[in-house]
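Participant: First to last, the sequence lines map onto chains A and B.
Each residue of the first sequence is one higher than the one before, starting from 9 at the first, in our numbering.
Each residue of the second sequence is one higher than the one before, starting from 9 at the first, in our numbering.
Ideal Cβ positions, reconstructed from N, Cα and C, are used throughout, including at glycine.
Starting off with a structure, shown below.
Protein chains: 2
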Amino acid sequence: MRKTRQRQVILEELGKVNTHPTAAELCTMVRRRMPHISLGTVYRNLDILSRSGAIARIDVGGEEMRFDAAVSRHYHLRCLRCGSVEDVDLPVMGSTLEEAAAKLCQAQVCGHNLEFVGYCRNCCAREVGF
Amino acid sequence: MRKTRQRQVILEELGKVNTHPTAAELCTMVRRRMPHISLGTVYRNLDILSRSGAIARIDVGGEEMRFDAAVSRHYHLRCLRCGSVEDVDLPVMGSTLEEAAAKLCQAQVCGHNLEFVGYCRNCCAREVGF
DNA sequence: TATCAATTTAGTAATCTTTACTATTTAATA
DNA sequence: TATTAAATAGTAAAGATTACTAAATTGATA
């Protein structure tokens, strides 16, 4: 993997935030420094970087793919109103759970994703009735 | 909500399988009985039925939406090779977990989705090295 | 440093899933 | 049966992602 300026800026910008941006959001961020970067380049690099394990790809509930510079395992909360995804720093469940699932399905289990759905702090403050 | 033949056949066909078909897959199934049904009709009905709670919409990991006639809460295993989604009949975790997440995020948590990723039984049998 | 091959990029087009739109048809009800 | 609101088929549009290609860039080598 070559070290290109585009790839480096993408990594830097992703490292600055903890909002799990989508490819399009990240492209907007990167374009503040590199106005001519192509959305396709952002997608391709996010793909390459996540395949190599340098970043994490978060593919939860029915929306665009999101990306995270933090590769450590953790859980997420997805807001049903604004669509934001934030970290939930609960202890990650051990292999016992995955082994139980593997046994039940007679399958090979590599990992698990746990996503909480609800309404984020901001949206709760903005709207009553959640 | 009216009782149309299209809606009924969609429900019946979805009830026959436990494979969590996508809208396109379900459309193919329904077309064996109603060759002229429109894909848009399938989508619209799946949306209406899932909003009313008659069926479940499963939106896990970065692929098409899937649908399930079984509305009871349960977990899923997604195969990284063939993309299939099957049920994992582990006990669903109680509200303690959701309350902990809500407290951590100062948010309102309505539920959670747990998805195991790995390789399904069939793919394990077909390919070595999983 | 100059050269060179392989990778990467920008820009565009294509693909795929899903939603929107519209004229026509149909279900429910009086 | 007549009426009216909802649903349908078919098509178009939207949005996310991938594919393609000529031109540019990287990293290695002479």
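Between which two residues does the beta strand (DSSP E) harbouring cysteine 132 of chain A extend?
Facilitator: Counted from its first residue, the first sequence places residue 132 of chain A at position 124. No beta strand (DSSP E) contains cysteine 132 of chain A, which is instead part of the alpha helix (DSSP H) from 129 to 134.
Participant: So within the stretch 58 to 116 of chain B, which uninterrupted alpha helix (DSSP H) runs reach at least 4 residues, ignoring any that extend past its ends?
Facilitator: Runs found: 103 to 113.
Participant: What are the residues that DSSP puts in a beta bridge with valine 17 of chain B?
Facilitator: For the purposes of this step, residue 17 of chain B is taken as residue 9 along the second sequence, with counting starting at 1. BP columns for valine 17 of chain B are empty, so no partner.
Participant: Round the Cβ separation of cysteine 113 of chain B and cysteine 128 of chain A to the nearest angstrom and send it over; I've been treating them as touching at under 8 angstroms.
Facilitator: As a first step, residue 113 of chain B is located in the second sequence; it is residue number 105 there, counting from the start. As a first step, residue 128 of chain A is located in the first sequence; it is residue number 120 there, counting from the start. Sure, about 7 angstroms apart at Cβ, within 8 angstroms.
Participant: Do we get a CB-CB distance below 7 angstroms when we pair alanine 115 of chain A with the residues of chain B?
Facilitator: Against the first sequence, residue 115 of chain A aligns to sequence position 107. With 7 angstroms as the cut-off, alanine 115 of chain A counts as an interface residue toward chain B.
Participant: How many Å lie between valine 79 of chain A and threonine 27 of chain A at the Cα?
Facilitator: Within the first sequence, the letter at position 71 stands for residue 79 of chain A. Within the first sequence, the letter at position 19 stands for residue 27 of chain A. Computed Cα separation, rounded: 14 angstroms.
Participant: I want to verify the contact list: residues of chain B whose CB lies under 9 angstroms from the CB of glutamate 123 of chain A, in sequence order.
Facilitator: Translated into the one-based positions of the first sequence, residue 123 of chain A becomes position 115. Here the neighbours are Val68, His120, Asn121, Leu122, Glu123.
Participant: From A/Arg86, A/Met42, A/Met73, pick the residue whose C-alpha is nearest to that of phenylalanine 124 of chain A; which is it?
Facilitator: Taking the first residue of the first sequence as position 1, residue 124 of chain A is located at position 116. Selected option, being the one with the closest Cα: A/Arg86.
Participant: Measuring only between beta-carbons, confirm whether cysteine 90 of chain B sits less than 7 angstroms from chain A.
Facilitator: On the second sequence, residue 90 of chain B is found 82 positions in, with the first residue counted as 1. No, cysteine 90 of chain B does not count as interfacial toward chain A.
Participant: Can you tell me the Cα-Cα spacing of phenylalanine 75 of chain A and cysteine 35 of chain A, whole angstroms?
Facilitator: Counting from 1 along the first sequence, the entry for residue 75 of chain A is found at position 67. Counting from 1 along the first sequence, the entry for residue 35 of chain A is found at position 27. Computed Cα separation, rounded: 12 angstroms.
Participant: Could you give the distance in angstroms between the alpha-carbon of arginine 15 of chain B and the alpha-carbon of glutamine 14 of chain A?
Facilitator: By 1-based counting over the second sequence, the position of residue 15 of chain B is 7. By 1-based counting over the first sequence, the position of residue 14 of chain A is 6. Each residue's alpha carbon lies about 50 angstroms from the other.
Participant: Using the beta-carbon count (16 or more within 10 Å), is isoleucine 56 of chain B buried or exposed?
Facilitator: Taking the first residue of the second sequence as position 1, residue 56 of chain B is located at position 48. Burial call: exposed.
Participant: What three-state label does DSSP hand valine 38 of chain A in the structure shown?
Facilitator: Here residue 38 of chain A refers to the residue found at position 30 of the first sequence. Three-state DSSP puts valine 38 of chain A in a helix.
Participant: Let's test the definition: count the other Cβ atoms within 10 Å of the Cβ of threonine 30 of chain A and tell me whether it reaches 16, buried, or not, exposed.
Facilitator: By one-based count along the first sequence, residue 30 of chain A stands at place 22. Under this definition threonine 30 of chain A is a buried residue.
Participant: Are the Cβ atoms of arginine 52 of chain B and serine 58 of chain B separated by less than 7 angstroms?
Facilitator: In the second sequence, residue 52 of chain B corresponds to position 44, counting from 1. In the second sequence, residue 58 of chain B corresponds to position 50, counting from 1. Against a cut-off of 7 angstroms, the Cβ pair of serine 58 of chain B and arginine 52 of chain B comes out as no contact.
Participant: Do valine 117 of chain B and glycine 126 of chain A have their CB atoms nearer than 7 angstroms?
Facilitator: One-based indexing of the second sequence puts residue 117 of chain B at position 109. One-based indexing of the first sequence puts residue 126 of chain A at position 118. Yes; because the gap between Cβ atoms is below 7 angstroms, this pair is in contact.
Participant: DSSP state of valine 125 of chain A, grouped into three classes?
Facilitator: Numbered from 1 along the first sequence, position 117 holds the residue referred to as residue 125 of chain A. Valine 125 of chain A falls in the strand class under three-state DSSP.
Participant: Between arginine 129 of chain B and chain A, is there a C-beta pair that is closer than 7 angstroms?
Facilitator: To locate residue 129 of chain B, count along the second sequence from 1; it is residue 121. Arginine 129 of chain B counts as touching chain A.
Participant: Tell me the DSSP secondary structure of threonine 30 of chain B in three-state form.
Facilitator: Numbered from 1 along the second sequence, position 22 holds the residue referred to as residue 30 of chain B. Correct three-state label for threonine 30 of chain B: strand.
Participant: Quick one: what's got a C-beta closer than 6 angstroms to serine 92 of chain A's C-beta in the same chain, skipping five residues either side?
Facilitator: If you number the first sequence from 1, residue 92 of chain A lands on position 84. Excluding positions up to five away in sequence, the list reads Cys128.
Participant: Could you name the residues of chain A that valine 38 of chain B contacts, counting a contact when the two beta carbons are closer than 7 angstroms?
Facilitator: Residue numbering aside, residue 38 of chain B sits at position 30 when the second sequence is read from its first letter. Under the 7 angstroms cutoff, chain A gives no residues; its nearest Cβ is about 22 angstroms from valine 38 of chain B.
Participant: To which residues does DSSP link glycine 119 of chain B through a beta bridge?
Facilitator: Mapped onto the second sequence, residue 119 of chain B falls at position 111. Paired residues: A/Val125.
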